[in-house]
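Sequential numbering of the first sequence, starting at 138, is according to the working numbering.
What follows is a set of notes on a single structure, which appears directly below.
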Amino acid sequence: MAKVSIAKGMRDFNASEVFKRQYITSAIREVFETYGYAPLETPSMENLSTLTGKYGDEGDKLIFRVLKSGDFLKSVPQDASRDAGKWSALVSDKALRYDLTVPFARYVSTNLNEVKLPFKRYQIQPVWRADRPQKGRFREFMQCDADVVGSDSLWQEVELMLIYADVFKALQLPVRIRISNRNILAGMAEFAGVAGSFMAFCTILDKVDKIGIDKVKEQWVELGVLPERADALANMIQLSGEAGLEKLASLNAQATEDVAFVVKHFNENNANPDATLLFDPSLARGLDYYTGCVFEVEALDVSVGSIGGGGRYGDLTGIFGVKNVPGVGISFGLDRIYIALEEKKLFPNDVAPTPYVLGVNFGDATSARTFQHITALRRAGIMAEFYPEKAKMKKQFDYANARNIRFVLVIGDSEAEKGVASIKDMTTGTQEEVKLEEVVGYLLSVA
RNA sequence: GUGGUUGUAGCUCAGUUGGUUAGAGCGCUUGAUUGUGGUUCAAGAGGUCGCCGGUUCGAACCCGGUCUUCCACCCCA
138 MAKVSIAKGM RDFNASEVFK RQYITSAIRE VFETYGYAPL ETPSMENLST
188 LTGKYGDEGD KLIFRVLKSG DFLKSVPQDA SRDAGKWSAL VSDKALRYDL
238 TVPFARYVST NLNEVKLPFK RYQIQPVWRA DRPQKGRFRE FMQCDADVVG
288 SDSLWQEVEL MLIYADVFKA LQLPVRIRIS NRNILAGMAE FAGVAGSFMA
338 FCTILDKVDK IGIDKVKEQW VELGVLPERA DALANMIQLS GEAGLEKLAS
388 LNAQATEDVA FVVKHFNENN ANPDATLLFD PSLARGLDYY TGCVFEVEAL
438 DVSVGSIGGG GRYGDLTGIF GVKNVPGVGI SFGLDRIYIA LEEKKLFPND
488 VAPTPYVLGV NFGDATSART FQHITALRRA GIMAEFYPEK AKMKKQFDYA
538 NARNIRFVLV IGDSEAEKGV ASIKDMTTGT QEEVKLEEVV GYLLSVA
């Protein structure tokens, strides 16, 4: 056993895994581009100060900080206390990106003169979190984001929901999208008498699926929710759909109308019967910066957690000194979609391209001639490979079989004398003799 | 960050209350078939039992530490 190992929570991807991942990202990229989003790439590292304070206290702890180079302890006093949080800013000034939204906000803030608003960008890059790994949770994982800034229009929300539906239609993965609005939750917190502890109120609410409504009520009361209103709140969060929106309109009429608008126009345009968009007031979402609609996507019948999420942030660039640039965005979690497709066996068989023809190598006398035919096949767009060593026929056929290569091209002395090539179809076991000058045409015709 | 779990051949896993040369299936190599794969048969290669230390006459097995995996919290994609 080797002494080296891979870093915790990090992964290698072999050929088959890469092809499957590309299958997913291609589907996402294609839909993003069809909807008019343009690509953006940002660096792996940002200034630490760009990232801290954007994801809440918990989020800050999960940011991978990068040590300063050189004598990074220089600025820490000899008798410093061992409080890492206190000194980390002195030894670290940059960090790996934690998501794609904040780097995007940084980009918009620093390039405001160059971007034309509304600005629609997509970004498919890895992000890093110093989390403890589990199934579907990695320290390095790929996010696929589409965001638009500079528009308050709810049509953007409608469009993003349709992107979800279209992507999961392409991948044939049945999903449920849940939608809510932060202001509905704010209304609930106000009704509960804990408007001052809004975030904590949401965090508790978010756990309803896991711990049940009774525990949620208990924790709410501990937080300071008026006990006589806990039951009413419990009833509220169990409402859903159109009827739920009507009943909750008193909390925040604008917010419920907004959600209704998005659902209505989504349904008018949606072409994927296996993607449903449903209002669910129990949807909270953890991130601090959402201000309007929030969404979350789950794959049906797969226990992998959410495979996507997003929401509207009224003023993300505000923290970078650029006011009044509202935005809304969604994210796809590539790694979790991968797990879902794998579990449901939804990857097509042909995601990994395999060579179509293998040229048998008989040694110097005939290999040059066979190689020329392989070259001709490649120029004609046929994936072909030449067995590099002079090896036994058995071994070469075995290789073709193991690699799922369909045709084996044999040009030995007996073929050469007749001016033909033997072409064997490995799927049927049949073999035909084809004139040398017709090899390319023959293989094109059966492709 | 808290609590637990896992690690034995390339892969999936056995391995008795600690006992001498650590096993199976699949895969791999070679041959039966010196110009033909998938089936069959035969033979063969391959392991410091995650790593470090301790207990013991003796450790894959017991104890401690460490790394990794997975799980529950926390949080999230």
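Think of the CB as a built atom: it goes at the ideal place given N, C-alpha and C, for glycine as much as any other residue.
| Burial state of residue 512, where buried means 16 or more other Cβ atoms lie within 10 Å | exposed
- prompt: For the alpha helix (DSSP H) that residue 534 lies in, which residues bound it at each end?
  reply: 530 to 539
Requested in this report: Can you say whether residue 180 is buried or exposed, counting buried as having 16 or more other CB atoms within 10 angstroms of its CB?
Outcome: exposed
Buried or exposed: which applies to residue 145, given that a residue is buried once 16 or more other Cβ atoms fall within 10 Å of its Cβ? exposed
Is the number of C-beta pairs between the segment 483 to 490 and the segment 145 to 160 that are closer than 8 Å three or more? yes
### Query
Among residues of its own chain, excluding the 5 on either side of residue 236, which ones have a beta-carbon nearer than 6 Å to its beta-carbon?
264
Original post:
Which partner residues of residue 522 appear in the DSSP bridge assignment?
Top reply: 495
- Message: Taking 8 Å as the threshold (C-beta atoms), are residue 358 and residue 370 in contact?
- Response: no
Should residue 437 and residue 317 be called a contact, given that it needs their Cβ atoms to be closer than 8 Å? No. Outside cutoff.
- Around the Cβ of residue 533, are there at least 16 other Cβ atoms within 10 angstroms (buried) or fewer (exposed)? By the C-beta density criterion, residue 533 is buried, having at least 16 other C-beta atoms within 10 angstroms.
Given 8 Å as the limit, is there contact between the segment 305 to 320 and the segment 383 to 403, that is, 3 or more CB pairs closer than that?
-> Result yes; three or more Cβ-Cβ pairs closer than 8 Å.
| query | When you compare only the Cα positions, how much space is there between residue 259 and residue 281? | reply | 7 Å
Query raised in the report: Beta carbon of residue 448: closer than 7 Å to some heavy atom of the ligand ATP?
Result: Annotation note on the ligand ATP: not contained in the displayed structure, which lists no ligands.
### Message
Tell me the DSSP secondary structure of residue 163 in three-state form.
### Response
helix
Three or more C-beta pairs closer than 8 Å, one from the segment 196 to 203 and one from the segment 335 to 342: is that the case here?
no
- Classification of residue 352 by the beta-carbon crowding that lies within 10 angstroms, buried from 16 upward: exposed
* Given a cut-off of 8 Å, decide if residue 448 and residue 430 are closer than it, judged by their beta-carbon atoms. => yes
Between the C-alpha atoms of residue 188 and residue 463, what's the straight-line distance to the nearest angstrom?
19 Å
- Entirely within the segment 312 to 341 and at least 4 residues each: give me those alpha helix (DSSP H) ranges in chain order. You should have 319 to 329.
Identity of the residues DSSP links to residue 554 by a beta bridge
Bridge partners of residue 554: none, in fact.
Cβ neighbour criterion (16 or more within 10 Å) applied to residue 333: exposed
inquiry  = So the candidates are 172, 508, 433 and 574; which of them puts its Cα closest to the Cα of residue 343?
reply    = 433
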